[in-house]
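Protein chains in written order, with my numbering: chain B, 5 to 250; chain V, 5 to 250; chain L, 5 to 250; chain G, 5 to 250. I have placed the structure first, in the form of structure tokens, so that the comments after it can refer back to it.
There are 4 protein chains.
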Amino acid sequence: MRILLSNDDGYFAPGLTTLAEALAPLAEITVVAPERNRSGASNSLTLDRPLTVRQAHNGFYFVNGTPTDCVHLAVTGLIDFMPDMVISGINDGANMGDDTIYSGTVAAAMEGFLLGVPSIAVSMTQHSAKYFQTAAQVIVDMVKHYQRKPLPQPVLLNVNVPDIPHDQLKGVHVTRLGKRHKAEPVIKANTPRGETVYWVGAAGAAQDDGEGTDFHAVRHEFVSVTPLQIDLTRYQQLDMLKGWLP
Amino acid sequence: MRILLSNDDGYFAPGLTTLAEALAPLAEITVVAPERNRSGASNSLTLDRPLTVRQAHNGFYFVNGTPTDCVHLAVTGLIDFMPDMVISGINDGANMGDDTIYSGTVAAAMEGFLLGVPSIAVSMTQHSAKYFQTAAQVIVDMVKHYQRKPLPQPVLLNVNVPDIPHDQLKGVHVTRLGKRHKAEPVIKANTPRGETVYWVGAAGAAQDDGEGTDFHAVRHEFVSVTPLQIDLTRYQQLDMLKGWLP
Amino acid sequence: MRILLSNDDGYFAPGLTTLAEALAPLAEITVVAPERNRSGASNSLTLDRPLTVRQAHNGFYFVNGTPTDCVHLAVTGLIDFMPDMVISGINDGANMGDDTIYSGTVAAAMEGFLLGVPSIAVSMTQHSAKYFQTAAQVIVDMVKHYQRKPLPQPVLLNVNVPDIPHDQLKGVHVTRLGKRHKAEPVIKANTPRGETVYWVGAAGAAQDDGEGTDFHAVRHEFVSVTPLQIDLTRYQQLDMLKGWLP
Amino acid sequence: MRILLSNDDGYFAPGLTTLAEALAPLAEITVVAPERNRSGASNSLTLDRPLTVRQAHNGFYFVNGTPTDCVHLAVTGLIDFMPDMVISGINDGANMGDDTIYSGTVAAAMEGFLLGVPSIAVSMTQHSAKYFQTAAQVIVDMVKHYQRKPLPQPVLLNVNVPDIPHDQLKGVHVTRLGKRHKAEPVIKANTPRGETVYWVGAAGAAQDDGEGTDFHAVRHEFVSVTPLQIDLTRYQQLDMLKGWLP
């Protein structure tokens, strides 16, 4: 089995190294990751300049581009085989609810899925996480299970893991994405040269975090696994819209 | 009525100017757009630096950030009212099928919708388009219709307009997103300093472009209107996954 | 006579427009400037990606690169003639003393000079300047004088103009560069996500601003004109170093 | 003795690691370097956004900024002592003649010197150099000599080392900067999306490389040491200009 790893925190991030080491006994691992932190990069693709690839001492490839660039480049030309799986992470911070739209971690997995490869995004639910090892073990177990019992359909999975020791996990829940409240307002600041600038505010707290959601699962110390899609069509509104248009 | 306009081609793009001029008689227009071309920016949000806002001679605000940054900044702090509608475009090139995942044009509208505002993304189906005026007229008609007959639900609409004179349009179709073939492979090139670099290849041709899709509508010279969602949960796979996990 | 104009504030900056309009009666003007503010860019050249050129409504070319890139690109390929002069500015803020090392305005002129063209950098001594017209008139007079009486040697001139009405100028002084005190310390700040970041502090006040310096000239309401070189060799230390090395 | 190291190839570059290891027995070493390759960055300072500092596993600090940013940030706030020396390198490629104007390696040393610290920039004369160890030994010897016999004046030294084994070096020459021919023309290319883009061409060959220059020294397998200055005033033209101005 051959697994392509990427992330959005950069090729040097401890979450990525932990994951690569944990998976090495199970599969041939190739890492292609951004040269610097690209959190919040979403699915952005670099179209106005070419990408450069370099290789670090540990064999990881790093690219001066986005997470999506990394997976796209790897699968469509850089590596000479089709990976059996793309895994993105372990992200240092949650990717739940609407976060998935902005997340570079999720985007890297989405790109793998779009190119025809079963893909998983995996994130710790806390920033500055302490238990990357927990998430690594969750993914190792999932990959082992997949090796014994393949899935009947292509999947794109979004996994969020509580930042606690592995033996304190209560189990795994299949979830839907919850919703966050609107983000906090932008924060005005001044540069030392007297210019006004604006920081994008913090993400909102969970708004829809009821049973069945990713927020609910991780709050109760379960791993959250959400199947994602890339078809943004809102099918339920097709008829309403047909009726509305003149 | 107050409309916030943005785009991903930059504040100086002719598609944006055409749209702003066409809408001016109908509503109070505020433009907040990227300072440079950010095509392919997807929903990326700038988190590692603050944003700067400047105002051009024509009153347009421009921001050193992404399309999502522009709408986020405008709605959560820069402008002191809640817009009644966010419109993003007119993009110079199609945003159909899987393009919607990468598109900065769609992302700007998506951010408006996520912040609670009915939002429209509008694109010409040809690059280097000649008939921005056609799309402007389509949007003007849609806004006028909306003013007379509000929609019963919040919407996020993705509109693609054939690059032909307005009187040659066959009508409007409500569509679902089609699918593209996988993108072309990356293209290797060499820099003048002898380094190997890689260009992301061209988007694939349409693969699922049957009746009902956006690709089908525009090929037959109809305007395509697709309702979009931001919940990426693949509900149909929830049960399958529950059965699969150990 | 054909003059190439550039700057580091971006192609849309009022200082550039004022200069282009003032010089139009005297020479054929071509503008190639950065697409966004690149203050502080120094002589940086973009080597890891190619540059894109676009043309604005007013005919100005703009480039997704640095001031040095703009002049380099213009002279070595984009325009099909060798300009008779390169002028960079009018910068919105002083470029005196050690500022010249960091300045993108000076760098654009330096690139012209290095490529064999007499070149001038011109700056207002105040940020958010009000009297760009004053500097434009100073440059117009200088170019007219140059047309009648060419210089016997190639020159690279650094011009700083007090931000006062033209009829209040006391005259023109040929100066040497003064020196600034060390810059202010970096300023610590926190992002809304709790990360520590550092702003480069403000430039230091003038330290060597005695008679004969650029600081001295403009403080007394004279235009300052400093001839610059690009050979950084410190000839006076050659012998000392030879004696020191073992 | 406390030495601050930086470079422009990025904190992960082998030239930097080799230098840090070689100097460790002689002094307390602190490394603050760019997070990615910033060759060609010149003296550019980042003014429109704040800088982020992270620490790698090996203790090196890395900054999302330019070489100048790194030294500026380190000396004016990040580290709580004044270094006794700043050394920048070992660069993978020559910095001779006019290269010094564009070089990020030289700029980092220049920033140290401007902030009052004796500073050295050190470069291999070949790209993809094999003998970083040679340059490391040259610098070790120079620092040891400096510890025994301090220099009577503050210096900014630009050192270029032939890419050969250390025992093949012929010695050390104190040199002036030579000159290069004009750079090669820009190279036109097309993106996969049909847009025209331009690569900055290769640096010109040496033009003034006679005896006494850096080019001459390294061609004859000597280490080149050039004292640099930061005062760009061309004193020899002051009188000529005074005579020329009306």
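Note that beta-carbon positions come from the ideal geometry of N, C-alpha and C, so glycine has one too.
Discussion item. Let me see if you follow: with CB-CB separation under 8 Å, is B:Ala-206 close to chain L or not?
Written reply: yes
Worksheet item: By DSSP, does V:Tyr-65 sit in helix, in strand, or in coil?
Response: strand
Practice prompt. Would you kindly work out how many angstroms separate the C-alpha atoms of G:Cys-74 and V:Gln-157, rounded to a whole number?
Written response: 52 Å
Item to complete: Specify, as a first and last residue, the run of the alpha helix (DSSP H) that V:Leu-77 falls within.
Response: 71-77
Worksheet item: Got a sec, what are the start and stop residues for the alpha helix (DSSP H) V:Arg-180 sits in?
Response: Taken as a continuous stretch (DSSP letters only), V:Arg-180 belongs to no alpha helix (DSSP H), as it is neither H nor E.
Discussion item. With DSSP as the reference, identify every bridge partner of L:Met-89, one or two as the case may be.
Written reply: L:Ile-7
Fill in: Through-space distance from L:Pro-231 to G:Ser-127, alpha-carbon basis
30 Å
Worksheet item: How is L:Asp-212 classed by DSSP in three states: helix, strand or coil?
Response: strand
Fill in: Whole-number beta carbon distance between B:Ala-111 and B:Ala-45, since they are thought to touch under 8 Å
7 Å
Worksheet item: Applying the criterion that 16 or more other CB atoms from any shown protein chain within 10 Å of the CB defines a buried residue, is V:Thr-200 buried or exposed?
Response: exposed
Fill in: Neighbour flag for G:Pro-29 against chain V, beta carbons, 8 Å
no
Worksheet item: Can you name the start and end residues of the alpha helix (DSSP H) that B:Thr-104 belongs to?
Response: 103-106
Practice prompt. Taking B:Ala-60 as the query, report the chain G residues whose CB atoms sit under 7 Å from its CB, ordered along the chain.
Written response: Phe-16
Worksheet item: Between which two residues does the beta strand (DSSP E) harbouring G:Lys-148 extend?
Response: G:Lys-148 -> not in any beta strand (DSSP E); alpha helix (DSSP H) instead, spanning 136-152.
Worksheet item: Residues of chain V with a CB under 8 Å from the CB of G:Trp-248: which are they?
Response: Result: empty, since nearest Cβ-Cβ is about 38 Å, beyond 8 Å.
Item to complete: Using a Cβ-Cβ cut-off of less than 9 Å, give me the residues of the stretch 29-55 of chain L that come near chain G, in sequence order.
Response: Asn-41, Arg-42, Ser-43, Gly-44, Ala-45, Ser-46, Asn-47, Ser-48, Leu-49, Thr-50, Leu-51, Asp-52, Arg-53, Pro-54, Leu-55
Worksheet item: What residues in its chain sit with their C-beta under 6 Å from that of G:His-170, if we drop five residues either side in the sequence?
Response: Thr-138, Gln-141
Worksheet item: Of all Cβ atoms in chain L, is any one closer than 8 Å to the Cβ of B:Arg-238?
Response: no
Worksheet item: Which residue from L:Gly-69, L:Asn-95, L:Leu-236, L:Leu-49 puts its Cα closest to that of L:Lys-134?
Response: L:Asn-95
Discussion item. Taking 8 Å as the threshold (C-beta atoms), are B:His-177 and B:Tyr-123 in contact?
Written reply: Note on identity: in this sequence residue 123 of chain B is Ser, with Tyr being the wrong assignment. No, they are not a contact pair.
Discussion item. Distance cutoff 8 Å, beta carbons only. Does L:Asn-95 sit that close to anything in chain V?
Written reply: no
Discussion item. I need the straight-line Cα distance from G:Ala-26 to L:Ala-24, nearest angstrom please.
Written reply: 54 Å
Practice prompt. Keeping to the same chain, check which residues put their C-beta closer than 8 Å to that of G:Glu-32; ignore five residues upstream and five downstream.
Written response: Met-5, Arg-6, Ile-7
Discussion item. Beta-carbon within less than 7 Å of V:Gln-211's beta-carbon, same chain only, minus the 5 sequence neighbours each way: which residues are those?
Written reply: Lys-183, Arg-184, His-185
Worksheet item: Does the Cβ of B:Phe-117 have 16 or more other Cβ atoms within 10 Å, making it buried, or fewer, making it exposed?
Response: buried
Worksheet item: Looking at C-alpha atoms only, which residue of V:Gly-69, V:Leu-119, V:Asn-162 is the closest neighbour of B:Asp-102?
Response: V:Leu-119
Practice prompt. Whole angstroms is fine: what's the gap from V:Gln-240's alpha carbon to V:Glu-215's?
Written response: 23 Å
Item to complete: Determine, using beta carbons only, whether G:Ile-191 comes closer than 8 Å to chain V.
Response: yes
Worksheet item: When the cut-off is 8 Å and only beta carbons count, does V:Pro-122 lie next to chain G?
Response: no
Worksheet item: What does DSSP give as the partner residues of G:Tyr-202 in its beta bridges?
Response: L:Leu-55, G:Lys-192
Item to complete: Find the residues of chain L that neighbour G:Leu-173, judging by a C-beta separation of less than 9 Å, and give them in chain order.
Response: What G:Leu-173 touches in chain L: nothing, since even the nearest Cβ is about 13 Å away.
Worksheet entry | For L:Leu-82, the first and last residue of its enclosing beta strand (DSSP E) | Premise fails: L:Leu-82 is in no beta strand (DSSP E) and is neither H nor E.
Discussion item. Within the continuous beta strand (DSSP E) that includes G:Met-128, where are the two ends?
Written reply: 123-128
Worksheet item: So the beta strand (DSSP E) L:Asn-165 belongs to, where does it begin and stop?
Response: The amino acid at residue 165 of chain L is misidentified as Asn; the sequence shows Val. Counting along the chain, the beta strand (DSSP E) containing L:Val-165 begins and ends at 160-165.
Fill in: Contact set between L:Ile-234 and chain G, taken where Cβ atoms lie within less than 8 Å
Asp-102, Ile-105, Leu-236
Discussion item. Just checking: is the beta-carbon of B:Asn-194 within a distance shorter than 8 Å of some beta-carbon in chain G?
Written reply: no
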